[in-house]
Amino acid sequence: MPLHTGNTHPDFSSERIACQVEKPTYDSPTRLGYEILRDHVLPTILGKHEDDILYWSGKEVARKFPIFEADELPSFFAEAGWGQLVLEKEDKDELHFVLGPMERLVIENRSYQLEAGFIAEQLQKLNGFLTECYGQKDIPHDRVRFIAKWDVKTVIDN
0 MPLHTGNTHP DFSSERIACQ VEKPTYDSPT RLGYEILRDH VLPTILGKHE DDILYWSGKE
60 VARKFPIFEA DELPSFFAEA GWGQLVLEKE DKDELHFVLG PMERLVIENR SYQLEAGFIA
120 EQLQKLNGFL TECYGQKDIP HDRVRFIAKW DVKTVIDN
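In numbering that gives the first Met the number 0, the protein residues as written are 0 to 157.
Shown next, in the form of structure tokens:
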């Protein structure tokens, strides 16, 4: 019996039509989708102001997703898909972090000011002092270094 004859409707209930439907991934974003937004859409929209806007956006994200101890930063970075953050060095008025290892192409072409702003705001909330953070790309080692420094003379009301 043919599937479609003359004026009749095709028989879609027939077992002869076999198609495999993949489960939609709407509830789990893909890495590709994230990278398209982060590495192509945002730089296009933000242009020459990308670093400044991402830094302040990172501070805003930190306000919306506060941590309660500095050792929670690596967990947040992992859950956000930002990479593996490791505390490398601790001084009286600064912390040194390393983010990586990552793909070389990602490090070379991406701004890491979102992450720097996030770190700065989280540490400022925790220590109560004006805190800034800057990132340095370490391309030969496929990682990014962040140095967060605070000014103990400038108290911030939280």
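Ideal Cβ positions, reconstructed from N, Cα and C, are used throughout, including at glycine. Since this is a predicted model, take the numbers as computed values, not measurements.
Let me confirm a value: residue i is counted as buried when at least 16 other C-beta atoms fall within 10 Å, else exposed. Which label applies?
i: Gly57; result: buried
i: Gly32; result: exposed
i: Thr130; result: buried
i: Ala77; result: exposed
i: Ser110; result: buried
i: Ile16; result: Unreliable placement is indicated for Ile16, whose pLDDT of 48 sits below 50; the coordinate value is still reported in the next sentence. Its Cβ having fewer than 16 others within 10 Å, Ile16 is exposed.
i: Phe64; result: exposed
i: Leu113; result: buried
i: Leu53; result: buried
i: Ile106; result: buried
DSSP has residue i in a bridge; who is on the other side?
i: Arg142; result: Asp137
i: Lys148; result: Glu93, Glu131
i: Val154; result: Phe128
Taking 8 Å as the limit between beta carbons, can you name the residues of its chain near residue i, skipping five residues before and five after?
i: Asp70; result: Leu86
i: Met101; result: Gly82, Asp141, Arg142, Val143
i: Gly80; result: Arg30, Tyr33
i: Glu89; result: His95
i: Glu93; result: Ile146, Ala147, Lys148, Trp149
Starting from the C-beta of residue i, find all residues in its chain whose C-beta is less than 7 Å away, skip the five residues before and the five after it, and write them out in chain order.
i: Phe128; result: Trp149, Asp150, Val151, Thr153, Val154, Ile155
i: Asn157; result: Lys124, Gly127
i: Leu72; result: Ile66, Leu84, Ile118, Gln121
i: Asn108; result: Asp38
i: Pro42; result: Glu49
Might you give, ordered along the chain, the residues of its own chain that have their beta carbon closer than 6 Å to the beta carbon of residue i, omitting 5 neighbours on each side?
i: Glu120; result: Lys58, Ala61
i: Ser13; result: Only weak support is given to the placement of Ser13: the predicted model assigns it a pLDDT of 49, under 50, and the question is left unresolved by the model.
i: Gln135; result: Arg144
i: Cys132; result: Ala115, Ile118, Ala119, Phe145, Ala147
i: Val97; result: Val85, Glu87, Arg142, Arg144
i: Gly99; result: Asp141, Arg142
For residue i, would you say it is in contact with chain D, using Cβ-to-Cβ distances shorter than 8 Å as the test?
i: Phe64; result: Of the chains in the structure shown, none is chain D; there is only one protein chain.
| Entirely enclosed alpha helix (DSSP H) segments - the region 78 to 136, minimum 4 residues | 103 to 108, 112 to 126
| field | Continuous beta strand (DSSP E) assignments of at least 3 residues falling wholly in the region 51 to 80 | value | none
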